[in-house]
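Written out below as structure tokens is the structure these notes cover.
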Amino acid sequence: MERISPSTNGSSREQLLPRGGYIALSVIMAGVSVMAIILNATVIAVTLRHRQLQQPLNYALVNLAVADLGAALCGGVPAALSNALGYHAGGWAGCVLEGFSVALFGIAALCSIALIAVERLLVVAKPLGGIRFRRIHAVLGVALSWLWSLLWNMPPLFGWGEYELEGVRTSCGPNWRSRDPSTVSYIICYFLLCFAVPFAMIVVSYSWLIWTIRQVCRAAAKAESKVTWMVVAMVLAFLASWLPYATLAFTVVFDPQIKISSVVAMIPVYMAKSSTIYNPLIYIFMNKQVINEMVDIFSGTGPRAVMELVNVGVVFIKC
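Going by this note's numbering, the first residue of the sequence shown is number 7, and it counts up by one from there.
Below you can see the structure in the form of structure tokens.
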């Protein structure tokens, strides 16, 4: 990563790609950002339009859309503009602000994905017995996702870790290339607690959920298959978006001698940014009720019977 400090007058303009490469990245990020903004804004609008959709189990889904929308606006749009210029024009303050904002929204989105998995486990498998999932639980879960993200993204603002230019120097994020012991310790804690923990929660929750469905109704093979494929899609999207980034960061942290070019390091960065599209497609738009509702809204034919989105990733089975 290129270091930007308050003493620099702007930003590093040394270009690591030919001009055409930056233009291509700009076009790609512009397309991703526009799609992410439209998809996530639509999810939020559909939910706000109908009170029937404003159920406790939908709070985490809407929270995910809000986080992805924020990531697209604060990360995708600036990345598209910076790549169009061929350099990051925000200077030190702009880099820190972008790095913090993108990381804040990104980790909040990851926490929301884990929250969705845990909530569906609580509703279907009932591991806590007869405790009913209520609005207060949903609100606390959403609040926790933002507090957790804020807790682990604020330290670089106060000296533990730092935000720096990443990839081909047109976007900013946590500095995982630094050899400073303080920064290394931050990166290790950051990826363990903000990547490994949410991923473990997702895997455990959905594995438990599928096992519960099998025990309750072994005859529902078709429904079980639908749940399984939904879970596979969710986990694969999570891994495709974030595993390359986390792997690269850990590789550099634990093997300081390894040489990774900025161009190669760019790929995981933009794969992580693309998660703002995957999430609404998988978690929301694979739901038939939501698709029908969107068709009604845009066609002007009037609302249909609106159902809760509780069956996103969960199939309720009649045995």
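Every residue gets a Cβ at the ideal spot worked out from N, C-alpha and C, and that includes glycine.
Between the alpha carbons of Ile43 and Gly82 lies a distance of about 10 Å.
Excluding five sequence positions before and after Ala243, the CB atoms of its chain that fall closer than 8 Å to its own CB belong to Ser281, Tyr284, Asn285, Ile288, given in chain order. Glu104 carries a helical assignment under DSSP once its states are collapsed to helix, strand and coil. Take the alpha-carbon of Cys80 and the one of Leu103: they are about 9 Å apart.
Shown here, Glu170 sits in a strand according to DSSP, grouped into three states. In this structure the region 121-141 does not lie against the region 83-94, because fewer than three pairs of beta carbons, one per stretch, are closer than 8 Å.
Fully enclosed beta strand (DSSP E) runs of no fewer than 3 residues occupy 169-172, 177-180 of the region 165-210, in order along the chain. Under the three-pair Cβ rule at 8 Å, the region 106-115 does not count as touching the region 207-219. Rounded to the nearest whole angstrom, the CA to CA distance from Ala66 to Trp166 is 30 Å. Of the other Cβ atoms in all chains shown, fewer than 16 fall within 10 Å of the Cβ of Arg57; this residue is therefore exposed.
By the criterion of a C-beta distance shorter than 6 Å, Ala144 is surrounded in its chain by Pro62, Tyr65, once the five residues flanking it on both sides are discounted. For the 8 Å CB-CB criterion, Ser211 and Val68 do not form a contact. As the crow flies, the alpha-carbon of Ala149 is around 19 Å from that of Tyr196. In this structure, Val269 lies near Val174, with their beta-carbon atoms less than 8 Å apart. Ranked by Cα distance from Arg140, the options Gln60, Gly26, Trp217, Ala36 are led by Gln60.
Rounded to whole angstroms, Tyr276 and Leu22 show a C-alpha spacing of 16 Å. Non-local C-beta neighbours of Phe201 in its own chain, meaning closer than 8 Å and more than five positions away in sequence, comprise Leu116, Trp248, Ala252, ordered along the chain. Membership of Gly82 in any alpha helix (DSSP H) is not indicated, and neither H nor E is assigned to it by DSSP. A distance of 8 Å or more separates the beta carbons of Leu153 and Ile119.
The alpha-carbon of Ala36 is positioned some 10 Å away from that of Ala90. For Gly92, the closest alpha carbon among the candidates Tyr169, Thr176, Ala77 is that of Thr176. Taking each of Val72, Lys132, Asn181 in turn and checking the Cα distance to Leu215, the smallest one comes out for Lys132.
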